[in-house]
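>
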Amino acid sequence: MQKSPKIEVISDLISNCTNCSLHKTRNYTVPGSGNSKAEIFLIGEAPGANEDIEGIPFIGRAGKVLDELLNHINLSRNDIFITNMIKCRPPKNRDPFKEEIFECSQFIDMQIQYINPKVIITLGKFAFQKFFPDKTMSESRGFPHQWKHLTVFPMYHPAAALYNPNLKTKMFHDFEQIHQILYKLVKSQKNHQIKLL
Ligand code: URA
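Here the sequence shown is numbered in the working numbering, starting from 164 and rising by one per residue.
#1: Cβ of I243 within 7 Å of Cβ of A209?
#2: Report the partner residues of M318 according to the DSSP bridge assignment.
#3: Is it right to say F270 is buried, meaning 16 or more other beta carbons lie within 10 angstroms of its own, or is it exposed?
#4: So what's G226 in DSSP terms, helix, strand or just coil?
#5: Measure the alpha-carbon distance for L233 versus S239 and round it to whole angstroms.
#6: Less than 6 Å between the CB of F221 and some heavy atom of ligand 1, yes or no?
#7: Can you look up H312 in the DSSP assignment and give me helix, strand or coil?
#8: Can we say the region 331-350 touches the region 313-322, given the rule of at least three CB pairs closer than 8 Å?
#9: Determine whether the beta carbon atoms of M318 and L348 lie at a separation below 7 Å.
#10: Should S196 be labelled buried (16 or more other beta-carbon atoms within 10 Å of its own) or exposed?
#11: Have a look at T181, Q165, D175, I284 and flag the residue whose alpha-carbon is nearest the alpha-carbon of E263.
#12: Is it buried or exposed, D178, if we count other Cβ atoms within 10 angstroms and call 16 or more buried?
#13: What span of residues does the beta strand (DSSP E) with S245 cover, start to end?
#14: What does DSSP give as the partner residue(s) for G207 in the beta ladder?
#15: By the 10 Å Cβ neighbour count, where 16 or more other Cβ atoms means buried, how is N212 classified, buried or exposed?
#16: Could you check what DSSP says for S199 in three-state terms: helix, strand or coil?
#17: Can you determine whether any heavy atom of ligand 1 sits closer than 6 Å to the C-beta of N329, and answer yes or no?
#18: Classify K288: buried if its beta carbon has 16 or more other beta carbons within 10 angstroms, exposed otherwise.
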């Protein structure tokens, strides 16, 4: 397999991307942020209005929920890398189109290859279906899935918790499971950075 460019180079490629029409309406691209050596890689859906202005993922209301969830298992943004399926905001926050996901997928593939995480947490159905296009969220969420050498852990999107407090409780529960998975990984591997709580 070809070696992936460094994370900063991937971000530059994203900034200059004109592969789909979203480049015409974006303010900033949102390549991703966090620790480029992270063992935990989170994937959301697409930037919203705040992210489009700042160029940073998950800084709006959904981001606050995400921070609460991370905090619940003693993780911070510095322990993870976080990005979205697509790197530019869709107008009026509509769902991403298939072609936009297709055009953008090269970037997430490069980011995963460069960072080489152990666990991928997918937030919402668009991210999960990258790995398991034939599975539904309702049957899969909250269970670890093996994808190549990686553990993929599907979760609801944190924005869903803004409208449904019951989901928030389930998400806290799911994050506790992630903690267990990380714990097992840490125990089975000598060279790790994942914190034991
Ligand atoms: N903000 C993001 O960066 N991604 C989402 O999926 C939602 C909000």
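Note that beta-carbon positions come from the ideal geometry of N, C-alpha and C, so glycine has one too. Predicted model, so just to flag it, every value in this text is computed and none were measured.
Judging by the given coordinates:
#1: no
#2: L286
#3: buried
#4: helix
#5: 6 Å
#6: yes
#7: coil
#8: yes
#9: no
#10: buried
#11: T181
#12: Looking at the sequence shown, residue 178 is not Asp but Ser. S178 is exposed by the Cβ-count criterion.
#13: Contrary to the premise, residue 245 reads as Ile rather than Ser in this sequence. Residues 243-247.
#14: N247
#15: Here residue 212 turns out to be Ala, not Asn, going by the sequence shown. By the 10 Å Cβ count, A212 comes out exposed.
#16: coil
#17: no
#18: buried
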